[in-house]
Amino acid sequence: MTSPTPAVVRIAPSPTGDPHVGTAYMALFNWLEAHSTGGRFILRIEDTDRTRYDASSEQKIMETLGWLGLGWDEGPDKGGPAGPYRQSERTEHYRAHLEKLLASGHAYRCFCSEARLEEMRAAQKARKAAPGYDGLCRGLLPEEVEQKLAAGLAHVVRLKVPKERTIVFHDELRGEVKIEGQTIDDQVLMKSDGFPTYHLANVVDDRLMGVTKVIRAEEWIVSTPKHMLLYEAFGWPAPAWRHMPLLRNADKSKISKRKNPTSLTWYQEQGYLPEALLNFLGLMGYSSKDGQEVFSLEQMLADYDAKRLSTSGPVFDLEKLGWLNGEHTRRLTPERLTARILEHLERRVGRGLVVAGTPETDVLAWIQAHGGFTSPAVRERVRATVPLVQERMRTLMEYAGLARCFFVDSVKGYPPEDLIPKKGTLELAHQMLTTARETLAALPAWEGPGLEAALRTTAEAKGWKVGDFFTPLRVAVTGAKVSPPLFETMHLLGRETTLARLAP
Ligand code: GLU
-16 MTSPTPAVVR IAPSPTGDPH VGTAYMALFN WLEAHSTGGR FILRIEDTDR TRYDASSEQK
44 IMETLGWLGL GWDEGPDKGG PAGPYRQSER TEHYRAHLEK LLASGHAYRC FCSEARLEEM
104 RAAQKARKAA PGYDGLCRGL LPEEVEQKLA AGLAHVVRLK VPKERTIVFH DELRGEVKIE
164 GQTIDDQVLM KSDGFPTYHL ANVVDDRLMG VTKVIRAEEW IVSTPKHMLL YEAFGWPAPA
224 WRHMPLLRNA DKSKISKRKN PTSLTWYQEQ GYLPEALLNF LGLMGYSSKD GQEVFSLEQM
284 LADYDAKRLS TSGPVFDLEK LGWLNGEHTR RLTPERLTAR ILEHLERRVG RGLVVAGTPE
344 TDVLAWIQAH GGFTSPAVRE RVRATVPLVQ ERMRTLMEYA GLARCFFVDS VKGYPPEDLI
404 PKKGTLELAH QMLTTARETL AALPAWEGPG LEAALRTTAE AKGWKVGDFF TPLRVAVTGA
464 KVSPPLFETM HLLGRETTLA RLAP
């Protein structure tokens, strides 16, 4: 078997807000490509659009990708041979390359005012013609350009698209893609503020950073012919192209905030596990050889074969993510899950997300009162509860609701009618509680199976159905109708607390 050519790949997110799930999706497939070929994975920050720039975004991108375990080999924080990795710090490269394009005639200066461009667009619209620059400044003579420059007129630089040609490139998932030159706009490469546009900066950087394969979302495919023209104009070989299908809403539209949570931070804060989110994003673009649905990043890497990438628009299904998250939660050792629960709570406190009057506040109050997140007593208490809730949790966020009864002195506060067994009365419920209390108080030892056996015997003696009998017990002991397993809960709470909660 020949070994694969090491691929140098990158993601190039723009720091324009909360890190997007689409960024994680692309990071995952780039990471897999780099790791399966022994190549390199670069993180480049494309921050040339100063109007949409958000200063906190870069940090959040790095934080969430790090959280997912998708580390990069070169990037703004790490440096590397082709740094800096932030486009705003590389403007001299773009200027120098732009000069080359101007000199070779592949680009031209355009002095059209915004007012003229408006007029042109309006006229195109009225004629129902395709929008695009009409090429007025293409024909400027060198001395006219000099004059305008000397007069200090604002201008942009545009790509001189050969309108008569057909641009062809190969996409690894779609095969040959052809685009007629006449449909391609004379793209602005440098704006009047001296900042390059995405197209110029992206191509120059991919070249200077040695990127051999561009793996990005399908939405960029319309830009690729322009990028091909730039590679050609510079006399550079183009990288290989792979445009991945877009993540979609259930109605097949491109994934959007209105229909799905798209912020990675949201998933983190809602207690999704990074390995579950990666698994989910993996399934969106890939099917494993043996049809396995639940896998870790390591398993995905071991299985990974670019031939198994899918080309159809994957629908983002939160229900499925919840299921996967439950699966991954159950795969964690109790120690790991304990650590995750505490990390999650600490993150929520740190970000000011905790809402007063929720089970989370109760759990946190206990933690605070017992030495805080790093205290061994806290760790031990959470660790002790984990086996009781691990089966039932779908997200880390659900922990507090399920485990609250272990962190409060009293669970009172539930509606009394919750105690009432099926077809019973409140009076019967109270009678059941008293009886249970007497049975349990008389037991010599306090352990789960013994508690259950004794209570079953009592139920039988009284002629109560066990299900009916356990209803008020569950509510009185845990404060909720849905709870961790009742007898294990009683066991963990201990004799004194349990008997106190059963008291009227
Ligand atoms: N800056 C672009 C983005 O925000 C990069 C697209 C590409 O990968 O070429 O996704």
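When the sequence shown is numbered by the working numbering, its final residue is 487 and no position is left out of the sequence of numbers. The C-beta atom is built at its ideal place from N, Cα and C for all residues, glycine as well. Computed from a predicted structure; not experimentally measured.
Which same chain residues end up closer than 7 Å to residue i when comparing Cβ atoms and leaving out the 5 residues on each side of it in sequence?
i: residue 115; result: 168
i: residue 230; result: 4, 5, 8, 238, 267, 297, 299
i: residue 69; result: 28, 30, 59
i: residue 193; result: -9, 65
i: residue 33; result: 178
i: residue 489; result: Nothing about residue 489 can be reported from this structure: the residues present for the chain run from -16 to 487 only.
i: residue 253; result: 378, 380
Could you check what DSSP says for residue i in three-state terms: helix, strand or coil?
i: residue 161; result: strand
i: residue 58; result: strand
i: residue 93; result: strand
i: residue -5; result: coil
i: residue 327; result: helix
i: residue 210; result: helix
i: residue 314; result: helix
i: residue 25; result: strand
i: residue 350; result: helix
i: residue 141; result: strand
i: residue 235; result: coil
i: residue 150; result: strand
i: residue 179; result: strand
i: residue 199; result: strand
i: residue 395; result: strand
Could you name the residues of the same chain whose beta carbon sits closer than 8 Å to that of residue i, not counting the 5 residues immediately before and after it, in chain order?
i: residue 291; result: 269, 270, 271, 272
i: residue 318; result: 366
i: residue 354; result: 360, 361
i: residue 174; result: 139, 180
Quick one, are the C-beta atoms of residue i and residue j less than 7 Å apart?
i: residue 171; j: residue 180; result: yes
i: residue 404; j: residue 454; result: yes
i: residue 437; j: residue 461; result: no
i: residue 10; j: residue -6; result: yes
i: residue 225; j: residue 198; result: yes
i: residue 284; j: residue 80; result: no
i: residue 158; j: residue 146; result: no
i: residue 475; j: residue 419; result: no
i: residue 307; j: residue 259; result: yes
i: residue 250; j: residue 15; result: no
i: residue 387; j: residue 342; result: yes
i: residue 471; j: residue 371; result: yes
i: residue 356; j: residue 325; result: yes
i: residue 261; j: residue 280; result: yes
i: residue 397; j: residue 458; result: yes
i: residue 327; j: residue 256; result: no
i: residue 364; j: residue 429; result: no
i: residue 37; j: residue 67; result: no
i: residue 77; j: residue 184; result: yes
i: residue 89; j: residue 143; result: yes
i: residue 1; j: residue 246; result: yes
i: residue 401; j: residue 445; result: no
Could you pull out every residue in the same chain whose Cβ sits closer than 6 Å to the Cβ of residue i, ignoring the five residues on either side in sequence?
i: residue 178; result: 31
i: residue 442; result: 449, 452
i: residue 214; result: 221
i: residue 218; result: none
Report the CB separation of residue i from residue j in whole angstroms; it is logged as a contact under 8 Å.
i: residue 46; j: residue 28; result: Residue 46 to residue 28, Cβ: 13 Å. No contact.
i: residue 469; j: residue 416; result: Incorrect: roughly 13 Å between the Cβ atoms, too far for contact.
i: residue 323; j: residue 374; result: So it is not a contact: roughly 16 Å between Cβ atoms.
i: residue 211; j: residue 221; result: 6 Å
i: residue 21; j: residue -11; result: 5 Å
i: residue 228; j: residue 162; result: Not quite, the Cβ-Cβ distance comes to about 19 Å (not below 8 Å), so this is no contact.
Indicate, with yes or no, if ligand 3 has a heavy atom lying under 6 Å from the CB of residue i.
i: residue 186; result: With respect to ligand 3, the structure offers nothing, as its ligand set consists of ligand 1.
- Contact shell at 6 Å, judged by CB to any heavy atom of ligand 1, ordered along the chain: -5, -4, -3, 29, 181, 185, 199, 203
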